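S.K.: What follows is a structure written as C-alpha cells; I'll ask about it next.
Number of protein chains: 2
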Amino acid sequence: MATARDDQVEVIRLGRLEVRPREFVAAVDGRALQLTVREFQLLTALARRRDRIVTRQELYTAVWQRPFRSHERSVDVYVKRLRRKLKAALPGSELIHTHYGFGYRLSPSVSQLFHTAATDR
Amino acid sequence: MATARDDQVEVIRLGRLEVRPREFVAAVDGRALQLTVREFQLLTALARRRDRIVTRQELYTAVWQRPFRSHERSVDVYVKRLRRKLKAALPGSELIHTHYGFGYRLSPSVSQLFHTAATDR
DNA sequence: ATGGCACGTTCACAGGTTGTTCACGGGATG
DNA sequence: CATCCCGTGAACAACCTGTGAACGTGCCAT
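Here you go:
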C-alpha cells in the first residue's frame with residue numbers, strides 16, 4: 003500500500019503509453035487518449051498489473067467493484083474498445099494480450115518472459 | 003526495491019524449470035511455456051509434489067476436483083502433452099517419470115533412487 | 001418537454017481453442 | 001508367456017473469446 007503522497011505522483015509507463023491514474027489521464031507520446039470512464043478504469047487496472055496475467059474476475063472486481071459472475075462479458079467488451087483506441091494511437095502495437103482460459107495481460111511489447119517459443123499449436 | 007510480500011509469491015524451481023502457480027506462469031530459463039489451463043494445473047500439481055511418486059488418483063482429484071474413476075485416462079493424456087512441451091523447451095530432459103503401477107513423479111534430473119518395495123498395498 | 005447524443009450494459013452469434021473420451025497397440029511386469 | 005499398464009492418435013463435445021448490435025439511462029441544447 004502506497005502513501006497518499008506516492009499516489010499523487012503515480013505514473014505508469016509502458017513504452018510510449020503513459021497512465022496517470024490520479025489525474026485521469028492516459029497518453030501516447032504525450033497526447034491524451036479520449037477514453038470513457040470505464041475504459042480509463044480498465045486501462046488503469048491493467049496498467050497497475052502490467053506484465054502479469056490478470057483474470058477477468060480480478061479486473062471486474064477492481065473496476066466494477068461488485069461480485070463477478072462467470073458469464074459476465076463486460077471486461078471483454080471494454081478490452082475490445084480499449085484495443086481499438088490503443089491501436090488508433092499506436093498503429094501496429096499489441097498492448098493487451100489474451101491468455102486463453104486465464105485472462106488478459108498488458109505489456110509494452112512482447113516481453114521476454116512471455117516470448118512465444120511454442121510454434122506447434 | 004523489494005516486493006511487498008514475498009511470502010505470497012509461490013515459486014517452485016526444478017532446475018531450469020520454474021512454476022509460479024498464482025501468476026499462471028511456468029517458465030524454462032525465464033521463457034514462459036505456452037500451456038493450456040489443464041496442462042498448467044497438472045504441472046502445478048506435480049511441481050507441488052516434486053520428487054514424490056504421485057498416484058493418478060491424487061493428481062486427478064487435485065486438478066479435476068471430482069471423483070476419480072479407475073478407467074480414467076485424462077491424467078495420462080495430459081502427461082503426454084506436458085512432456086511434449088517440456089521436451090521442446092528442454093531438449094534431452096526427462097522431467098516427468100513414470101512409475102509403473104504407481105504413478106508419476108516430477109524431478110529435475112534423472113535419479114534412480116526410487117525403487118519401492120511395495121510390500122504394503 | 002423534446003430530440004439527439006454519449007455511455008454503460010447485456011445479449012447473441014460465430015469461429016477457434018481446449019477438454020474429454022475412446023480404441024488400439026506397444027511395453028513392462030511377474 | 002499371460003496379464004495388466006501405459007503411450008498415443010483421433011474424434012467429438014464443451015468451452016472461451018471476439019464482435020456487432022440492441023437497449024436503457026442520463027445529460028444537454030433546442
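Residue numbers (our numbering), protein chains in the order written: chain A, 3 to 123; chain B, 3 to 123.
We put the CB at the ideal spot given by N, CA and C, even for glycine.
For clarity, every value in this text was computed on a predicted model and none was experimentally measured.
To the nearest angstrom, how far is it from the Cα of LEU88(A) to the Cα of PRO23(A)?
M.R.: LEU88(A) and PRO23(A): Cα-Cα distance of roughly 17 angstroms.
S.K.: Is the Cβ of VAL11(B) closer than 9 angstroms to any Cβ of chain A?
M.R.: Chain A, which has no Cβ nearer than 9 angstroms to the Cβ of VAL11(B), makes this no.
S.K.: Do THR46(B) and GLY103(A) have their beta-carbon atoms positioned less than 9 angstroms apart in this structure?
M.R.: No. Outside cutoff.
S.K.: For ARG54(A), would you say it is in contact with chain B, using Cβ-to-Cβ distances shorter than 9 angstroms as the test?
M.R.: So, interface residue.
S.K.: So for VAL21(B), helix, strand or coil by DSSP?
M.R.: In the structure shown, VAL21(B) sits in a strand (DSSP, three-state: E or B).
S.K.: Mind pulling the beta strand (DSSP E) runs of 3 or more residues that sit fully within the segment 52 to 108 of chain A?
M.R.: Whole beta strand (DSSP E) segments, 3+ residues: 98 to 101 and 105 to 108.
S.K.: Is ALA34(B) buried or exposed, if buried means 16 or more other CB atoms sit within 10 Å of its CB?
M.R.: Buried, since its Cβ has 16 or more Cβ neighbours within 10 Å.
S.K.: Taking only three categories from DSSP, how would you classify GLN39(B)?
M.R.: The residue you asked about is not Gln; residue 39(B) is Val in the sequence shown. Three-state DSSP puts VAL39(B) in a helix.
S.K.: On the DSSP letters alone, give me the boundaries of the beta strand (DSSP E) that VAL30(B) sits inside.
M.R.: Counting along the chain, the beta strand (DSSP E) containing VAL30(B) begins and ends at 27 to 30.
S.K.: How would you call GLY105(A), buried or exposed, if buried means at least 16 neighbouring beta carbons within 10 angstroms?
M.R.: Burial call: buried.
S.K.: Have a look at ARG83(B) and ARG50(A) and give me their C-alpha separation to the nearest angstrom.
M.R.: Straight-line Cα distance between these residues: approximately 34 angstroms.
S.K.: In or out: GLN43(B) buried (at least 16 other Cβ within 10 Å) or exposed?
M.R.: Buried, because 16 or more other Cβ atoms sit within 10 Å of the Cβ of GLN43(B).
S.K.: Which term fits GLN67(B), buried or exposed, when burial requires 16 or more other beta carbons within 10 angstroms of its beta carbon?
M.R.: Looking at its Cβ environment, which holds fewer than 16 other Cβ atoms inside 10 Å, GLN67(B) is exposed.
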